[in-house]
Structures are given as C-alpha cells and as structure tokens.
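Chemist: Below is the structure I would like to discuss, written out as structure tokens.
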Amino acid sequence: MVREVRATSNGFFFFEFNTVAAMEEVIEGGPWLFRDQPIVLQKWEPGMMLRKLQHTQVPVWIKLRHLPVELWTTEGLSTVASGIGKPLYPDAITRACTRLDFARVCVMLDISSKLPKHIVIMVPKEEGGESACKVDVEYEWLPPKCNACMSLGHPTKEFPTMKPKHRPPVSVYVQKPPFPPPREQHR
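When you read off a place in the sequence shown, starting at 1, and then add 148, the result is the number in this note's numbering.
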C-alpha cells in the first residue's frame with residue numbers, strides 16, 4: 149500500500165503509494181488522528197506550495213443529504229459545497245454516483261466561521277421558475293476548537309493550561325505515484 153514515507157525538516161510528510169487507488173482509499177478513509185491530534189491529508193499536486201495551514205482552516209469531509217439529482221455533477225457539487233467552505237474533491241463513490249443517499253465531499257473549512265447545518269439551494273424547474281431545496285449538511289469530524297485563542301487542537305476549557313499532548317493539526321501531503329523529484333519548499 150504505502151511504498152515510502154519521506155519527512156521534511158519543517159514538519160511535512162510525503163507518503164508514496166503503490167497505486168492511485170491506494171492513495172484515494174487512505175485520503176477518503178479519514179479523518180485520521182495521531183495521539184488524539186488531527187492529521188491533515190491532502191493530495192500533492194505539481195507546483196503545490198508547502199505551507200502550514202492557518203490555525204482556523206482544516207480539510208473536513210462533509211455529507212450533503214437530500215441533494216437534488218441534477219446537482220450530482222462536478223459543477224453542482226462544487227456549487228453546493230462552496231456554501232460550506234472551499235470544495236477540494238468528492239469521494240470515489242460520489243464521483244461514480246453509485247450511492248445517492250448523500251454526496252461526500254472534502255472541503256477546506258474556516259472553523260472560525262459559523263458552520264451551517266443546511267443550505268438552501270434554488271433549483272430551476274423544467275416549466276420555468278425555481279424551487280427552494282434544503283440540503284442537509286453533516287460534518288464527519290470537527291477538530292477541537294478554542295474560543296479563547298481561536299486555534300485548533302484543544303478545547304476552550306483547557307486554555308491557558310493546555311496539556312502538552314495538545315498540538316495544532318499536523319499537515320501531511322499525499323502525492324500521486326510516481327514521486328516527483330524534490331522541489332523547493334516554503335513555509
């Protein structure tokens with residue numbers, strides 16, 4: 149499954165997989181925790197800048213329930229998911245449209261903003277006009293958030309006496325095989 153793991157001095161890890169399917173299985177199988185701390189997995193893309201995520205941003209899988217069939221397209225899913233955060237990618241089952249109970253999409257959330265439990269989408273009718281459609285949003289996992297320091301990794305009740313085991317999320321980038329030559333890295 150994992151062919152090789154590489155680490156950088158600034159806290160990034162690269163996992164090289166034998167196949168794209170193995171990589172997708174790991175990414176879509178999250179959220180992942182290490183010592184009770186979130187591990188942020190992202191697909192590596194050519195030209196991607198390696199930067200630590202802002203303390204209020206984290207990729208999270210969401211489920212969109214009661215999604216109209218006409219929105220089961222790349223553009224439709226992106227439009228709906230953008231009401232929650234920055235759309236990153238749907239899971240393989242959603243891409244294949246083989247499970248229509250809900251769409252599962254990974255989005256970059258700004259945890260400091262309000263997270264809606266539903267979105268109202270205006271869907272065009274065949275006979276003209278539009279109808280309102282309520283899409284329910286389920287967050288598969290949300291990191292602990294401190295309202296005192298506005299960062300992730302510990303709840304408010306543990307600020308300022310944060311226990312040493314609590315650290316901000318670890319950023320991990322997962323690249324598609326084959327692994328490209330190393331490039332300059334920026335923090």
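Note that beta-carbon positions come from the ideal geometry of N, C-alpha and C, so glycine has one too. These numbers come from a predicted model, not from an experiment.
1. In whole angstroms, give me the CA-to-CA distance for VAL206 and MET256.
2. If you measure between the beta carbons of TRP209 and CYS254, is that distance less than 7 Å?
3. DSSP three-state label for GLU278, please.
4. Tell me the rounded alpha-carbon separation between PRO312 and PHE182.
5. Using a threshold of 7 Å, state whether the C-beta atoms of ALA280 and VAL268 are closer than that.
6. Does any CB atom of chain B fall closer than 7 Å to the CB of MET270?
7. In the structure shown, what three-state DSSP assignment does HIS314 receive?
8. Return the chain-ordered list of same chain residues with a C-beta closer than 8 Å to the C-beta of ARG335, the five sequence neighbours on each side being excluded.
9. Alpha carbon to alpha carbon, how far is PRO194 from PHE163?
10. Does the distance from the C-beta atom of GLU286 to that of LYS211 stay below 7 Å?
11. Over what stretch of residues does the alpha helix (DSSP H) that includes LEU263 continue unbroken?
12. Take ASP258 and list the residues in its own chain whose beta-carbon comes closer than 6 Å to its own, dropping the five residues that flank it on each side.
13. Buried or exposed: where does ALA229 fall if 16 or more other Cβ atoms within 10 Å of its Cβ makes it buried?
Modeler: Checking against the coordinates, here is how it stands:
1. Cα atoms of VAL206 and MET256: separation of roughly 5 Å, rounded to the nearest angstrom.
2. Against a cut-off of 7 Å, the Cβ pair of CYS254 and TRP209 comes out as a contact.
3. GLU278: strand per DSSP, three-state reduction.
4. With a pLDDT of 49 at PRO312, under the threshold of 50, the predicted position of this residue should be treated as unreliable, though the coordinate-derived value follows. Their Cα atoms are separated by approximately 14 Å.
5. For ALA280 and VAL268, yes; Cβs fall inside 7 Å.
6. The chain labelled as chain B is not found in the depicted structure, where only one protein chain is given.
7. Confidence at HIS314 is low in this model, with a pLDDT of 49, below 50, so its placement is unreliable and no value can be given for it.
8. Bear in mind that a pLDDT of 48 at ARG335, under 50, signals an unreliable position, so the number given afterwards is only what the model happens to contain. Only ASN158, LEU198, ARG199, LYS200 meet the Cβ criterion.
9. Going from the Cα of PRO194 to the Cα of PHE163 covers about 15 Å.
10. Yes; because the gap between Cβ atoms is below 7 Å, this pair is in contact.
11. Run containing LEU263: none; DSSP gives neither H nor E here.
12. The answer, listed in chain order, is THR204, GLN205.
13. ALA229 comes out buried.
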